[in-house]
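Below is one structure, written out as structure tokens, with a few remarks after it.
Residue numbers (my numbering): 1160 to 1342.
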């Protein structure tokens, strides 16, 4: 399957989705600091990852994006500033059928930003020739599951049991016949 790389920058009505820079490391670390205690990746008791470790993570993410054509975007709002991230990752999937991932700071939840950003990523993925996207969410993360349902993701019936963190649910979305789904 021939797929095109995701764009480096996208704009929606209210948001700018752009490639990461090293200057985003502190904001990304703040986001990790807000994560639910059941999340696998969060700030450890000894303070890791540090801002410098986050900066290195972002450099690696950008280099990977350039080679595999998928992209995880920093999400910005004109007046709210950095909101979080949204985009495609390899995760448990492939470059031709990647995983949609998104996370926003708690203070901006409930304003439709996640749906708006993820919708732009899904549309760009459809336009790039990708036929299927995957996503995973913990069973307790009803807000993310709601966003994914709005975007046409369906539960696959596959899950990973984790008594400590909650079951990880697998969802999938296929590009509609004829191309891009318009919301």
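For each residue, glycine too, the CB sits at the ideal point set by N, CA and C.
task = Rounded to whole angstroms, what's the CA-CA distance from residue 1164 to residue 1293? Just pull it up for me.
result = 17 Å
### Message
My output table needs one value for residue 1212: the three-state DSSP class, helix, strand or coil.
### Response
helix
*Run the CB neighbour count on residue 1295, radius 10 Å, all protein chains shown included, and call it buried at 16 or more, exposed below.*
buried
Find the nearest neighbour of residue 1304 within the set 1196, 1207 and 1262, judged by alpha-carbon distance. Closest option to residue 1304, Cα to Cα, is 1262.
task = Could you tell me whether the Cβ atoms of residue 1332 and residue 1316 are closer together than 8 Å?
result = no
Quick one: Cα of residue 1183 to Cα of residue 1216, how far?
-> 11 Å
(Q) If I measure Cβ to Cβ from residue 1211 and keep anything under 8 Å in the same chain, skipping five residues before and after, which residues do I get? (A) 1184
Notebook entry, point to check: By DSSP, does residue 1236 sit in helix, in strand, or in coil?
Noted result: strand
Report task. Have a look at residue 1283 and residue 1204 and give me their C-alpha separation to the nearest angstrom. Result -> 38 Å
Original post:
Going along the chain, which residues of its own chain have a beta-carbon closer than 6 Å to the beta-carbon of residue 1196, five neighbours each way excluded?
Top reply: none
_Which residues DSSP lists as bridging residue 1313, in chain order_ = Residue 1313 pairs with 1331.
Q: Buried or exposed for residue 1278, please, with buried defined as at least 16 other CB atoms from any protein chain shown within 10 angstroms of its CB.
A: buried
Review point. Just reading off the alpha helix (DSSP H) that residue 1172 is part of, what are its end residues?
Key: No alpha helix (DSSP H) holds residue 1172; DSSP gives it neither H nor E.
Going by beta carbon distance, what residues of the same chain come within less than 8 Å of residue 1174, once the five residues before and after it are set aside? 1234, 1235, 1236, 1242, 1272, 1275, 1276 and 1279
* Asked: Which ranges would you report for the beta strand (DSSP E) in the stretch 1251 to 1288 if only whole runs of at least 3 residues count?
  -> 1258 to 1263
Residue 1246: buried (16+ other C-beta within 10 angstroms of its C-beta) or exposed? buried
Problem - Supposed contact pair residue 1259 and residue 1244 - C-beta distance, whole angstroms, cut 8 Å - result: That belief does not hold up - the Cβ atoms of residue 1244 and residue 1259 are roughly 11 Å apart, past 8 Å.
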